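Residue numbers (the numbering used here), protein chains in the order written: chain A, 1 to 246; chain B, 1 to 246. Think of the CB as a built atom: it goes at the ideal place given N, C-alpha and C, for glycine as much as any other residue. This structure is a prediction, so every number in the text was calculated from the model and none was measured.
There are 2 protein chains.
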Amino acid sequence: MKISNRAMPANYLLASLPVQSRAAFLASCEKVSLTFGQVLCESGQRIRHAYFPLDSFISLVTTLADGSRLEVGIIGDEGMLGTSLILGVNTSSQHALVQGAGTALRISAAAFERHCKRSIVLRLGLSRYVHVLMSQLALTAGCTHYHVVEARLARWLLLTRDRAHSNQFHLTHELLSYMLGVRRVGITQAATALHKRGLINYSRGEIDILDGNGLETAACRCYREARDMYEQTLGSKHAAPEKQLQ
Amino acid sequence: MKISNRAMPANYLLASLPVQSRAAFLASCEKVSLTFGQVLCESGQRIRHAYFPLDSFISLVTTLADGSRLEVGIIGDEGMLGTSLILGVNTSSQHALVQGAGTALRISAAAFERHCKRSIVLRLGLSRYVHVLMSQLALTAGCTHYHVVEARLARWLLLTRDRAHSNQFHLTHELLSYMLGVRRVGITQAATALHKRGLINYSRGEIDILDGNGLETAACRCYREARDMYEQTLGSKHAAPEKQLQ
DNA sequence: TGATGTCTGTTCGCTATCGCACCCACCATG
DNA sequence: CATGGTGGGTGCGATAGCGAACAGACATCA
Numbered sequence: 001m002k003i004s005n006r007a008m009p010a011n012y013l014l015a016s017l018p019v020q021s022r023a024a025f026l027a028s029c030e031k032v033s034l035t036f037g038q039v040l041c042e043s044g045q046r047i048r049h050a051y052f053p054l055d056s057f058i059s060l061v062t063t064l065a066d067g068s069r070l071e072v073g074i075i076g077d078e079g080m081l082g083t084s085l086i087l088g089v090n091t092s093s094q095h096a097l098v099q100g101a102g103t104a105l106r107i108s109a110a111a112f113e114r115h116c117k118r119s120i121v122l123r124l125g126l127s128r129y130v131h132v133l134m135s136q137l138a139l140t141a142g143c144t145h146y147h148v149v150e151a152r153l154a155r156w157l158l159l160t161r162d163r164a165h166s167n168q169f170h171l172t173h174e175l176l177s178y179m180l181g182v183r184r185v186g187i188t189q190a191a192t193a194l195h196k197r198g199l200i201n202y203s204r205g206e207i208d209i210l211d212g213n214g215l216e217t218a219a220c221r222c223y224r225e226a227r228d229m230y231e232q233t234l235g236s237k238h239a240a241p242e243k244q245l246q
Numbered sequence: 001m002k003i004s005n006r007a008m009p010a011n012y013l014l015a016s017l018p019v020q021s022r023a024a025f026l027a028s029c030e031k032v033s034l035t036f037g038q039v040l041c042e043s044g045q046r047i048r049h050a051y052f053p054l055d056s057f058i059s060l061v062t063t064l065a066d067g068s069r070l071e072v073g074i075i076g077d078e079g080m081l082g083t084s085l086i087l088g089v090n091t092s093s094q095h096a097l098v099q100g101a102g103t104a105l106r107i108s109a110a111a112f113e114r115h116c117k118r119s120i121v122l123r124l125g126l127s128r129y130v131h132v133l134m135s136q137l138a139l140t141a142g143c144t145h146y147h148v149v150e151a152r153l154a155r156w157l158l159l160t161r162d163r164a165h166s167n168q169f170h171l172t173h174e175l176l177s178y179m180l181g182v183r184r185v186g187i188t189q190a191a192t193a194l195h196k197r198g199l200i201n202y203s204r205g206e207i208d209i210l211d212g213n214g215l216e217t218a219a220c221r222c223y224r225e226a227r228d229m230y231e232q233t234l235g236s237k238h239a240a241p242e243k244q245l246q
């Protein structure tokens, strides 16, 4: 039952909210373009806006005291950035940077908090996503610890594909190594292995997924698990999303 | 300004809530004893109760599709188990098992949700803890990935000490290896190293921290960071906690 | 056409951790 | 006092990933 009409990008988290609570909320949003590499919020800093990606996607990166960094989450049109605001906290504890350029709906922190206060169904709907994000954080912690780079890379490429809505996207090995917390050489080796198995192609930063199913087999099952968890909690992204402004 | 009166154990998360919202809440709670190894909720199962440890503490364990397990959080009298309920979700995504026997305040899921609905300050106070927990999940993901077993073990012992309120507690290498996701032998080696440096003693499961400050030096800075984050968001545990029932 | 910068591939020695197997020390119990 | 269970120590080869350095391939721009 996959609906393939991508002519009008939408945010499925917003689309999953009840109609009556959505109109007023959308009126406070503005559509913005996000450029690759843009930093939307920094760890420890005040959150100025919440973002609901439409066709962009955003990495959540945690920074340790010794400076090491690791991507712990990725947010596309299935989610939102700025969940802390739902919890009544207006500082972020992670960096957020744009991995895939595109558009997003943006709302100021103040307006967002106001809407959350006013509409219980809105807050509850978004709270469910906070729960999903927490579960995914825990899952990712385990995955990062136990699984080899090749499987993690495959998983990451699938996550990106789902959010980019395309089998092709731009990503250098350098950047991937940063996301997965390994050396660039480690990515090159894993990517070479996936390439030899005919699953992907890449050249100078242009990655092309040739065999999505094969890639899913190469990935750890964490990919499926995270996806299933989302659908169990928030319903299938593709189950007749209601029409949405913008 | 450390208050050392431990005669009447209290849960500091509850103590941090405004007085007026607390009385009714506490009336719905009952004091229960938790025994070592008890499973309080299972991944994917319905949550029956929320728990606020008094002198017990609880491990949050994530399970991957391939069966590997990893502890991703530890909950003592600074927090609570069952945060999903605050988010309007009544299934847990992690296992929770009792690491340190003792007492806790328990409240049924239904009553908990009712109180959250009624009292905004209650919900907001607990929501801040959800934020802390999320931040700690992200931190732990990075720590687990980058830091060596010895530093992680030191951190874990300090976390446990804080929650057990004692420099001595019972924990076998076997169990520690399970928590940290490494071989038992890996723990033995790390523990031997810490022992040789005069930081800890242990024998047949009885662990004794000899030099807390030294152990903190041996641990990665993630320990301090997590602690600081808690205090920044929820205030110091030891800043004159108001008197509390039970 | 050449110069420079970006992206990818390869190699080498090194370390942390793994998996497995076995042994020893201590304790409780019959 | 014998026995079995639990907790801890040691040793060995295997391996995933690290750090560093270098080389080639391609693109852009002067």
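So, is the C-beta of residue i closer than 8 Å to a C-beta in chain B?
| i | result |
| --- | --- |
| Val121/A | no |
| Ala141/A | yes |
| Gln244/A | In this prediction, Gln244/A scores a pLDDT of 48, lower than 50, which makes its location untrustworthy; the coordinate-derived value is nonetheless stated afterwards. Taking Cβ atoms only, chain B never reaches closer than 8 Å to Gln244/A, which makes this a no. |
| Asp55/A | no |
| Tyr178/A | no |
| Glu42/A | no |
| Thr233/A | yes |
| Ala226/A | no |
| Met1/A | Interpretation of Met1/A is limited by its pLDDT of 43, a score under 50 that renders its predicted location unreliable; no figure is taken from the coordinates. |
| Ser68/A | yes |
| Arg118/A | no |
| Ala65/A | yes |
If we cut at 8 Å on Cβ distances, does residue i have a partner in chain A?
| i | result |
| --- | --- |
| His131/B | yes |
| Gly181/B | yes |
| Thr188/B | no |
| Leu124/B | yes |
| Ser127/B | yes |
Where do the N-terminal and C-terminal ends of the beta strand (DSSP E) with residue i fall, by residue?
| i | result |
| --- | --- |
| His145/B | Segment 120-146 is the alpha helix (DSSP H) holding His145/B; no beta strand (DSSP E) there. |
| His165/A | No beta strand (DSSP E) contains His165/A, which DSSP labels as neither H nor E. |
| Arg184/B | Unbroken run through Arg184/B is the alpha helix (DSSP H), 184-196; no beta strand (DSSP E). |
| Thr62/A | 57-63 |
| Gln99/A | 95-100 |
| Val32/B | 30-34 |
| Arg46/A | Neither: Arg46/A is in no beta strand (DSSP E) and is coded neither H nor E. |
| Val39/B | 39-41 |
Between which two residues does the alpha helix (DSSP H) carrying residue i extend?
| i | result |
| --- | --- |
| Cys222/B | 222-234 |
| Ser177/A | 173-180 |
| Ser21/A | 19-27 |
| Ala15/B | 12-15 |
Taking the alpha-carbon positions, what's the residue i to residue j distance?
| i | j | result |
| --- | --- | --- |
| Ala15/A | Leu171/B | 48 Å |
| Ala190/B | Ala10/A | 51 Å |
| Pro241/A | Ala23/A | Note that Pro241/A scores a pLDDT of 45, beneath 50, so its modelled location is shaky and nothing firm can be said. |
| Leu175/A | Asp66/A | 20 Å |
| Thr208/B | Gln168/B | Note that residue 208/B is Asp in the sequence shown, not Thr. Roughly 4 Å between the two C-alpha positions. |
| Gln232/B | Lys196/A | 50 Å |
| Gly100/A | Thr160/A | 9 Å |
| Leu34/B | Arg227/B | 25 Å |
| Cys143/B | Tyr223/B | 10 Å |
| Ile86/A | His49/A | 12 Å |
| Asp211/A | Gly198/A | 7 Å |
| Tyr114/A | Thr83/B | The sequence given here places Arg at residue 114/A; Tyr does not occur at that position. Between Arg114/A and Thr83/B, the C-alpha separation is close to 23 Å. |
| Tyr129/B | Gly79/A | 21 Å |
| Ser248/A | Leu40/A | It is not possible to answer for residue 248/A, since the shown part of chain A is limited to 1 through 246. |
| Glu216/A | Thr62/B | 22 Å |
| Ala151/B | Leu13/B | 28 Å |
| Leu54/B | Arg184/B | 30 Å |
| Thr192/A | Trp156/B | 38 Å |
So what does residue i bridge to, in DSSP terms?
| i | result |
| --- | --- |
| Ile81/A | One detail in the question is off: residue 81/A reads as Leu in this sequence, not Ile. Answer by DSSP bridge pairing, in chain order: Tyr51/A. |
| Asn201/A | Asp208/A |
| Glu71/A | Val61/A |
| Ser108/B | His49/B |
| Thr91/A | Arg46/A |
| Thr103/A | Ser33/A |
Original post:
Which residues, taken in chain order from the region 73-96 of chain A, show a beta carbon closer than 7 Å to some beta carbon of chain B?
Top reply: Cβ contacts with chain B: Ser84, Leu87, Gly88, Val89, Ser93, Gln94.
Original post:
Closer than 7 Å, Cβ to any Cβ of chain A: which residues of the region 135-169 of chain B, in chain order?
Top reply: Here the close residues are Ser135, Leu137, Ala138, Leu139, Thr140, Ala141, Gly142, Cys143, Thr144, His145, Tyr146.
Subject >> Residues within the region 11-26 of chain A neighbouring chain B, beta-carbon criterion of under 9 Å >> reply: Contacts with chain B (Cβ-Cβ distance below 9 Å) from the region 11-26 of chain A involve no residue at all.
Subject >> Near-chain B residues of the region 206-224 of chain A - C-beta to any C-beta below 9 Å >> reply: So the close ones are Cys220, Arg221, Cys222, Arg224.
Original post:
the region 189-201 of chain A: which residues have C-beta closer than 9 Å to a C-beta of chain B, in chain order?
Top reply: For the region 189-201 of chain A, the set of positions with a beta-carbon nearer than 9 Å to some beta-carbon of chain B is empty.
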